[in-house]
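**Q** Questions regarding the structure given below will be posed in turn.
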């Protein structure tokens, strides 16, 4: 595939990365994580993107497979919404990607609702930071 693409077709969703709204980018990225689409994850992240669960954040580049869990395929994306407040850099500690530090970041919060063996559902909260049409941070937790 060409590295200089401007549009990405994901299922029935066509997204122009350069002009995409942060919420649309976050939704397509989270769907790629949910379904295990490593190529889409790579195309939608910044070069300096970080990811992790809880307080543990690390570089995403080259380790996208670590996000892939077979059980996520049973999960549903819930309540993605743009956070009206500026991205809280204190959440990022020393792992602030330069793409976020430069400004213009949008924070999206939501969840993945996953069925449990007892019939209940567990919601894993997600935080996605989008800068200029690309994901710079993906964090998830309890």
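Numbering (this note's numbering), first residue to last: 72 to 213.
For every residue, glycine included, the Cβ atom is placed at its ideal position computed from N, Cα and C.
For clarity, every value in this text was computed on a predicted model and none was experimentally measured.
1) How many angstroms separate the CA atom of residue 208 from the CA atom of residue 188?
2) Take the Cβ of residue 106 as the centre, count every other Cβ of all protein chains shown within 10 Å, and call the residue buried at 16 or more, exposed below.
3) Got a sec? Which residues, its chain only, sit under 8 Å from residue 149 by beta carbon, not counting five neighbours each side?
4) How big is the Cα-Cα spacing for residue 151 and residue 201?
5) At what residues does the alpha helix (DSSP H) containing residue 103 begin and finish?
**A** In short, the structure shows the following:
1) In the chain shown, residue 208 corresponds to position 137, counting from 1. In the chain shown, residue 188 corresponds to position 117, counting from 1. Rounded to whole angstroms, residue 208 to residue 188 spans 30 Å at the Cα level.
2) Within the chain shown, residue 106 is the residue found at index 35, counting from 1. It is exposed - the Cβ of residue 106 has fewer than 16 other Cβ atoms within 10 Å.
3) Taking the first residue of the chain shown as position 1, residue 149 is located at position 78. Excluding positions up to five away in sequence, the list reads 181, 182, 183, 184 and 194.
4) Numbered from its first residue, the chain shown carries residue 151 at position 80. Numbered from its first residue, the chain shown carries residue 201 at position 130. Roughly 13 Å separates the two Cα atoms.
5) The count along the chain shown starts at 1 and reaches residue 103 at position 32. Per DSSP, residue 103 belongs to the alpha helix (DSSP H) from 93-106.
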